[in-house]
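K.L.:
Dropping a structure here in structure tokens format, bear with me for questions.
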Amino acid sequence: MRWHLLDLSSTRRVQIIDVTESLRRICRESGVREGLAVVVCEHTTAGVCVNEAEPNLLTDLQRALERLIPEEGDYRHNRLDDNTDAHLRAVLIGHSVTLPIQDGVPVLGTWQRVLFVELDGPRRRRLRVGVGG
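Here the sequence shown stands for residues 0 to 132, numbered as in numbering that gives the first Met the number 0.
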């Protein structure tokens with residue numbers, strides 16, 4: 000498997016960035032026709048998932064995360080670093096996705112997109128993308 004880096008910059012504390020086209024480009028340029036693409040988030044306060052990128056749904060996702068895990072709370076980790084909510088939300092989102100590659104592109108359903116979910120921005124972030132046949 001060959002690994003590629005995808006650099007991202009978020010502009011808000013919580014932000015969802017569609018990285019599908021970047022993933023498609025990486026797969027195309029890799030030359031792998033059939034195989035797997037693995038997208039790994041290298042951060043503990045961000046995640047990556049597959050879902051629809053419809054703007055209202057993304058707003059609903061952000062609101063659901065805020066309801067499930069409020070930013071303010073009696074979090075012990077906040078004594079060290081004021082971002083416990085981001086860590087806990089990242090556990091829910093997950094840190095990686097694996098997709099099949101067919102005909103040189105990642106296989107996704109009609110509305111599926113690969114989404115990077117920033118939970119403690121704004122920050123510069125990196126996804127590691129592995130492509131192999």
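By construction, the Cβ of each residue, glycine as well, lies at the ideal position given by its N, Cα and C atoms.
Which whole runs of the alpha helix (DSSP H) in the segment 18-48 are 4 residues long or more, in chain order?
P.N.:
The qualifying runs are 19-29.
K.L.:
By the three-class DSSP mapping on this structure, what secondary structure does residue 82 have?
P.N.:
On the sequence shown, residue 82 is found 83 positions in, with the first residue counted as 1. The answer is coil: DSSP assigns residue 82 none of H, G, I, E or B.
K.L.:
With DSSP as the reference, identify every bridge partner of residue 117, one or two as the case may be.
P.N.:
Mapped onto the sequence shown, residue 117 falls at position 118. Paired residues: 14 and 45.
K.L.:
Among residues of its own chain, excluding the 5 on either side of residue 58, which ones have a beta-carbon nearer than 8 Å to its beta-carbon?
P.N.:
Mapped onto the sequence shown, residue 58 falls at position 59. There are no such residues.
K.L.:
Excluding the five sequence neighbours on either side, which residues of its own chain have a C-beta within less than 7 Å of the C-beta of residue 38, listed in chain order?
P.N.:
Mapped onto the sequence shown, residue 38 falls at position 39. Counting only Cβ-Cβ distances below 7 Å, and skipping sequence neighbours, we find 22, 47, 95, 96, 113, 126 and 128.
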